[in-house]
Amino acid sequence: MTHTENLLSWVATANEPDCDFPIQNLPFGRFRPKGESGAFRIGVAIGDQVLDLSAACLVDTDDMNVLMAASHSDRQALRSALTEGLQQGSPKQPTWTKCLHPQLKVEMAVPCRIHDYTDFYTGIHHATTVGKLFRPNEPLMPNYKWVPIGYHGRASSIGVSGQHLKRPLGQTKVPDAQAPSLGPSKKLDYELELGFLIGQGNALGEPIEIVNAEKHLFGITLLNDWSARDLQAWEYQPLGPFLSKNFATTLSPWIVTMEALAPFRAKFERSAGDPQPLPYLDSADNRDSGAFDITLEVWMQTSKMREAADPAVCLSRSNAKQAAYWTAAQLVTHHTINGCNLQTGDLLGSGTLSGPTPEEAGSLLELTMGGKNAISLPNGEVRTFLEDGDTLTLRGYCERRGAVRIGLGEVSGTVLAS
Ligand code: CA
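Structure representation (structure tokens):
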């Protein structure tokens, strides 16, 4: 009933057709009024407003991780209370109106305390295109279609949308140079990803079976995995990415819950000829509805465009269901199969979600074929990689006939000089 198509809110902006945050969405974030220095509080986005959950007496904590660790039934009860109180005609309107803040007048934080961060590599079109650039004869490693590939990332450098990040310094080596040198990255890039946030964790030594995996997922955000390609090319063998990735990762401020995403699930299918997942990564529910039907977009505004008041331009668009070779449930189960314990607030990155065609690429590395083919912007500027002053924005939304569109909001970040 929380997804009913004709459900409207007394917050009028929530009923506008292209709104990311209708009453059917109700994502969680941490906010405080701009200019205040107090603790961030838990809020829910509704239209262009934020509802303060403790002021509305819906929670007795300011700690998002406590809310995320709540049982499934407690989360359902909170969602039902929000739906009831925010719908048109609710007797809560007079009191809850006083608990609203315009989104334009609040500052958002990283939506929860991120415990650990693992970045996966589920985008098979990304893996194939990038693999061709690095290893023309063997783009996909032989393990790719059997085991979800990932690496342990770094939580301390995760920021929230609006972040300004300094171009990283690092070691690079051009192929014909005798020795590497230290300098600002010349190949700074973004990666279009989803972030999966863990609600309840598991005990050390007790793997999460795939049939239970989604019960441990609280919700999703957009994630930009900033990447310094020149640092990456020199450092990545034999242990994988390190300083090319851990200088900044940016999240959207709103966690869209698994409950809100329920109408936008899609079949998980393997192409004919591809191996089926091993039994521990397979279930009827995962095959039936393990994927997410989420449209994803990349937008760019350069400093010149900003000065001329030119709007951001869309660089690419893809869909998570066509891009990801593994589902979120499979990532949770695989991550714990060795007994590794996930904790509330752990973040699992999907990997770059590029679609099957070149225009659907989720990074500049792919769009420019490693920097060989510059892309042209409407104002005549060209880009191979990101330049200082560029603002990069990721957006995501779900649309389906018979359901109300919901959005993930956006994550944006601006590159500063080294
Ligand atoms: Ca990545």
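Under our numbering, think of the first position of the sequence shown as 1, with each following residue one higher.
C-beta: ideal position from N, C-alpha, C; glycine also.
Distance CB(residue i)-CB(residue j) smaller than 8 Å
i	j	result
residue 69	residue 196	no
residue 303	residue 353	no
residue 415	residue 389	yes
residue 41	residue 62	yes
residue 12	residue 47	yes
residue 20	residue 362	no
residue 8	residue 192	no
residue 250	residue 218	no
residue 424	residue 333	Residue 424 lies beyond the residue range present for the chain, which begins at 1 and ends at 418; the question has no answer from this structure.
residue 263	residue 45	no
residue 158	residue 117	yes
residue 205	residue 344	no
Of the residues the options, the one placed nearest residue i, counting alpha carbons only
i	options	result
residue 65	23, 7, 115, 77	115
residue 201	212, 104, 193	212
residue 255	6, 67, 15	67
residue 400	11, 18, 281	18
residue 275	234, 287, 145, 165	145
residue 405	186, 393, 260	260
residue 181	190, 170, 187	170
residue 127	110, 149, 82	149
residue 311	391, 320, 234, 175	391
residue 85	418, 2, 177	2
residue 369	30, 214, 187, 286	187
residue 305	99, 378, 83	378
residue 237	205, 134, 214, 83	134
residue 289	315, 214, 33, 98	214
Span separating the alpha-carbon of residue i from that of residue j
i	j	result
residue 346	residue 380	42 Å
residue 244	residue 222	20 Å
residue 91	residue 278	52 Å
residue 273	residue 322	17 Å
residue 383	residue 167	16 Å
residue 162	residue 104	13 Å
residue 95	residue 50	14 Å
residue 164	residue 300	14 Å
residue 78	residue 210	26 Å
residue 43	residue 398	21 Å
residue 342	residue 208	9 Å
residue 10	residue 220	26 Å
residue 53	residue 132	49 Å
residue 373	residue 365	10 Å
residue 137	residue 129	12 Å
residue 179	residue 233	14 Å
residue 194	residue 125	16 Å
residue 28	residue 375	36 Å
residue 266	residue 324	12 Å
For residue i, the residue or residues it bridges with in DSSP
i	result
residue 410	395
residue 107	32
residue 152	118
residue 224	192, 250
residue 319	295
residue 314	299
residue 240	DSSP lists no partner for residue 240.
> Could you name the residues, in chain order, whose CB is less than 5 Å away from a heavy atom belonging to ligand 1?
Replying inline: The set of residues whose C-beta lies within less than 5 Å of a heavy atom of ligand 1 reads, in chain order, 119, 191, 225.
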